[in-house]
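Data block below; observations after.
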Amino acid sequence: AYYRCVGSDAYRFGGERICHNKQVRTDLLEDAVWQDVRSLLENPQRIEREYQRRLKWSDRGSPIDEHLPSRIQKIKCGITRLVDAYEEGLLEKSEFEPRLRRSRDRLSKLEAEAKKQADNESQRNELRLVIGHLQEFADRIKSGLHDADWLTRREILRALVKRVEVDEAQVRVIYR
(Lines of atoms letter the chains of each structure in order from A and count residues from 1; the text may use other names and numbers.)
(Lines give C-alpha, C1' and ligand atoms only; values in the text may rest on other atoms or scores of the structure.)
Protein backbone atom coordinates (compact mmCIF):
# COMPACT_ATOMS: atom_id res chain seq x y z
CA ALA A 1 0.00 0.00 0.00
CA TYR A 2 1.08 3.58 -0.64
CA TYR A 3 0.35 7.04 0.73
CA ARG A 4 -0.12 9.67 -1.91
CA CYS A 5 -1.29 13.26 -2.12
CA VAL A 6 -4.76 13.89 -3.54
CA GLY A 7 -3.20 16.90 -5.27
CA SER A 8 -1.62 14.45 -7.69
CA ASP A 9 -5.09 13.63 -9.06
CA ALA A 10 -5.32 15.88 -12.10
CA TYR A 11 -9.06 15.27 -12.53
CA ARG A 12 -9.74 16.92 -9.15
CA PHE A 13 -8.09 20.18 -10.17
CA GLY A 14 -9.25 20.95 -13.67
CA GLY A 15 -6.95 18.46 -15.40
CA GLU A 16 -3.75 19.76 -13.81
CA ARG A 17 -1.78 18.20 -10.95
CA ILE A 18 -1.02 20.59 -8.12
CA CYS A 19 1.28 18.18 -6.25
CA HIS A 20 4.21 16.39 -7.80
CA ASN A 21 5.31 14.35 -4.77
CA LYS A 22 5.84 10.67 -5.41
CA GLN A 23 3.88 7.97 -3.62
CA VAL A 24 5.41 6.65 -0.39
CA ARG A 25 5.18 3.07 0.77
CA THR A 26 3.03 2.93 3.91
CA ASP A 27 5.25 0.47 5.75
CA LEU A 28 8.35 2.62 5.24
CA LEU A 29 6.63 5.87 6.22
CA GLU A 30 4.92 4.38 9.26
CA ASP A 31 8.18 2.81 10.41
CA ALA A 32 10.04 6.12 10.00
CA VAL A 33 7.38 7.98 11.99
CA TRP A 34 7.38 5.33 14.73
CA GLN A 35 11.20 5.45 14.95
CA ASP A 36 11.05 9.24 15.37
CA VAL A 37 8.38 9.01 18.08
CA ARG A 38 10.34 6.28 19.85
CA SER A 39 13.48 8.38 19.68
CA LEU A 40 11.58 11.29 21.20
CA LEU A 41 10.22 9.19 24.04
CA GLU A 42 13.61 7.64 24.73
CA ASN A 43 15.23 11.08 24.73
CA PRO A 44 12.80 13.62 26.27
CA GLN A 45 15.64 16.16 26.44
CA ARG A 46 14.75 16.96 22.81
CA ILE A 47 11.48 18.36 24.08
CA GLU A 48 13.23 20.31 26.81
CA ARG A 49 15.51 21.90 24.20
CA GLU A 50 12.51 22.77 22.00
CA TYR A 51 10.75 24.22 25.03
CA GLN A 52 13.74 26.42 25.83
CA ARG A 53 13.97 27.51 22.18
CA ARG A 54 10.30 28.53 22.14
CA LEU A 55 10.63 30.39 25.41
CA LYS A 56 13.59 32.37 24.06
CA TRP A 57 11.67 33.08 20.86
CA SER A 58 8.56 34.28 22.71
CA ASP A 59 10.65 36.39 25.13
CA ARG A 60 12.12 38.29 22.19
CA GLY A 61 8.66 39.56 21.34
CA SER A 62 7.09 42.58 22.96
CA PRO A 63 7.97 42.91 26.65
CA ILE A 64 5.26 42.25 29.19
CA ASP A 65 3.50 45.49 30.12
CA GLU A 66 2.51 45.15 33.76
CA HIS A 67 0.63 48.46 33.64
CA LEU A 68 -1.64 47.38 30.79
CA PRO A 69 -4.72 46.66 32.96
CA SER A 70 -4.50 50.09 34.61
CA ARG A 71 -4.06 51.77 31.21
CA ILE A 72 -7.17 49.96 29.93
CA GLN A 73 -9.11 51.05 33.00
CA LYS A 74 -8.02 54.68 32.55
CA ILE A 75 -9.23 54.71 28.95
CA LYS A 76 -12.57 53.20 30.01
CA CYS A 77 -12.92 55.93 32.65
CA GLY A 78 -12.02 58.53 30.03
CA ILE A 79 -14.75 57.23 27.73
CA THR A 80 -17.24 57.43 30.60
CA ARG A 81 -16.19 61.03 31.33
CA LEU A 82 -16.53 61.91 27.64
CA VAL A 83 -20.07 60.53 27.55
CA ASP A 84 -20.95 62.36 30.77
CA ALA A 85 -19.55 65.62 29.41
CA TYR A 86 -21.56 65.22 26.21
CA GLU A 87 -24.75 64.44 28.14
CA GLU A 88 -24.26 67.55 30.29
CA GLY A 89 -23.78 69.69 27.19
CA LEU A 90 -20.13 70.50 27.88
CA LEU A 91 -19.07 69.04 24.51
CA GLU A 92 -20.56 69.54 21.08
CA LYS A 93 -21.29 66.51 18.93
CA SER A 94 -18.52 67.50 16.49
CA GLU A 95 -15.97 67.40 19.36
CA PHE A 96 -17.43 64.36 21.09
CA GLU A 97 -17.49 61.86 18.21
CA PRO A 98 -13.80 62.09 17.14
CA ARG A 99 -12.60 61.91 20.75
CA LEU A 100 -14.83 58.94 21.46
CA ARG A 101 -13.65 57.17 18.29
CA ARG A 102 -9.95 57.74 19.19
CA SER A 103 -10.51 56.49 22.73
CA ARG A 104 -12.30 53.37 21.54
CA ASP A 105 -9.52 52.70 19.02
CA ARG A 106 -6.89 52.98 21.76
CA LEU A 107 -8.99 50.75 24.01
CA SER A 108 -9.35 48.05 21.34
CA LYS A 109 -5.59 48.11 20.65
CA LEU A 110 -4.76 47.80 24.35
CA GLU A 111 -7.30 44.99 24.83
CA ALA A 112 -5.81 43.14 21.83
CA GLU A 113 -2.35 43.56 23.35
CA ALA A 114 -3.62 42.28 26.71
CA LYS A 115 -5.15 39.25 25.01
CA LYS A 116 -1.89 38.56 23.18
CA GLN A 117 0.06 38.74 26.45
CA ALA A 118 -2.43 36.40 28.13
CA ASP A 119 -2.17 33.95 25.22
CA ASN A 120 1.65 34.01 25.40
CA GLU A 121 1.59 33.36 29.14
CA SER A 122 -0.93 30.57 28.65
CA GLN A 123 1.31 28.99 26.01
CA ARG A 124 4.32 29.16 28.35
CA ASN A 125 2.34 27.48 31.13
CA GLU A 126 1.06 24.84 28.73
CA LEU A 127 4.58 24.09 27.51
CA ARG A 128 5.80 23.68 31.09
CA LEU A 129 2.94 21.31 31.82
CA VAL A 130 3.53 19.29 28.66
CA ILE A 131 7.21 18.87 29.48
CA GLY A 132 6.38 17.46 32.89
CA HIS A 133 3.68 15.10 31.65
CA LEU A 134 5.74 13.87 28.72
CA GLN A 135 8.66 13.02 30.98
CA GLU A 136 6.33 10.97 33.20
CA PHE A 137 4.69 9.33 30.17
CA ALA A 138 8.05 8.47 28.60
CA ASP A 139 9.33 6.96 31.84
CA ARG A 140 6.24 4.76 32.19
CA ILE A 141 6.23 3.36 28.66
CA LYS A 142 9.94 3.33 27.85
CA SER A 143 10.32 -0.36 28.59
CA GLY A 144 7.53 -1.44 26.21
CA LEU A 145 8.38 0.74 23.20
CA HIS A 146 10.44 -1.85 21.33
CA ASP A 147 7.79 -4.55 21.35
CA ALA A 148 4.60 -2.42 21.29
CA ASP A 149 1.75 -3.87 19.26
CA TRP A 150 -0.06 -1.99 16.50
CA LEU A 151 -2.89 -0.70 18.72
CA THR A 152 -0.48 0.60 21.34
CA ARG A 153 1.62 2.32 18.69
CA ARG A 154 -1.49 3.91 17.20
CA GLU A 155 -2.60 5.30 20.57
CA ILE A 156 0.86 6.70 21.29
CA LEU A 157 1.01 8.28 17.83
CA ARG A 158 -2.43 9.83 18.25
CA ALA A 159 -1.43 11.27 21.60
CA LEU A 160 1.83 12.81 20.44
CA VAL A 161 1.73 13.49 16.69
CA LYS A 162 -0.19 16.42 15.28
CA ARG A 163 0.54 15.65 11.62
CA VAL A 164 3.13 14.19 9.28
CA GLU A 165 4.30 16.39 6.42
CA VAL A 166 5.77 14.69 3.37
CA ASP A 167 7.44 16.62 0.59
CA GLU A 168 9.73 15.64 -2.25
CA ALA A 169 12.89 15.49 -0.15
CA GLN A 170 11.90 14.80 3.46
CA VAL A 171 9.34 13.61 5.97
CA ARG A 172 8.66 15.89 8.94
CA VAL A 173 6.80 14.76 12.06
CA ILE A 174 4.97 17.65 13.73
CA TYR A 175 4.26 17.00 17.40
CA ARG A 176 1.40 18.42 19.42
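In this text, residue positions in the sequence shown follow the working numbering: the first is 16, and each later residue adds one.
Think of the CB as a built atom: it goes at the ideal place given N, C-alpha and C, for glycine as much as any other residue.
For residue i, which option in the options has the closest C-alpha, if you only look at C-alpha atoms?
i      : options                           : result
Val1   : Trp49, Val98 and Lys108           : Residue coverage of the chain in this structure runs from 16 to 191, which leaves residue 1 outside it and unanswerable.
Pro113 : Ile146, Ile94 and Cys34           : Ile94
Leu149 : Arg187, Val39, Arg53 and Glu31    : Arg53
His35  : Tyr190, Arg191, Glu183 and Val188 : Glu183
Val188 : Ser23, Lys71 and Leu44            : Leu44
Lys71  : Glu81, Arg173, Ser158 and Asn135  : Asn135
Leu142 : Arg68, Ala174 and Glu110          : Arg68
Tyr6   : Thr41, Arg27 and Leu106           : The requested residue 6 is not part of the displayed model; the chain covers only 16 to 191.
Pro84  : Leu125, Tyr190 and Lys157         : Leu125
Cys20  : Phe28, Gln38, Gly30 and Arg27     : Gln38
Arg86  : Val181, Glu65, Ser137 and Ala127  : Ala127
Gly147 : Ala25, Asp99, Tyr66 and Ser158    : Tyr66
Val145 : Glu31, Gly159, Arg191 and Leu166  : Arg191
Glu63  : Asp46, Arg139, Glu110 and Glu102  : Arg139
Ala133 : Trp165, Glu81 and Gly30           : Glu81
Could you tell me the boundaries of the beta strand (DSSP E) in which residue i lies?
i     : result
Lys37 : Segment: none, Lys37 is in no beta strand (DSSP E) and carries neither H nor E.
Helix, strand or coil for residue i? Go by DSSP, reduced to three states.
i      : result
Arg139 : helix
Leu105 : coil
Pro59  : coil
Asp134 : helix
Gly196 : Past the boundaries of the shown model lies residue 196; the chain is included only from 16 to 191, so the question cannot be answered.
Asp80  : coil
Asp46  : helix
Asp24  : coil
Per DSSP, which residues does residue i bridge with? Please list them.
i      : result
Glu180 : Arg187
Tyr18  : Val39
Specify, as a first and last residue, the run of the alpha helix (DSSP H) that residue i falls within.
i      : result
Lys157 : Here Lys157 belongs to no alpha helix (DSSP H), and DSSP marks it neither H nor E.
Ser85  : Leu83 to Glu102
Ala174 : Trp165 to Leu175
Is the number of C-beta pairs between the region 148-158 and the region 57-66 that are closer than 8 Å three or more? Output reads yes: the region 57-66 touches the region 148-158.
Taking one C-beta from the region 84-93 and one from the region 117-128 each time, how about it: are there three or more such pairs within less than 8 Å? Enough Cβ pairs lie closer than 8 Å, so yes.
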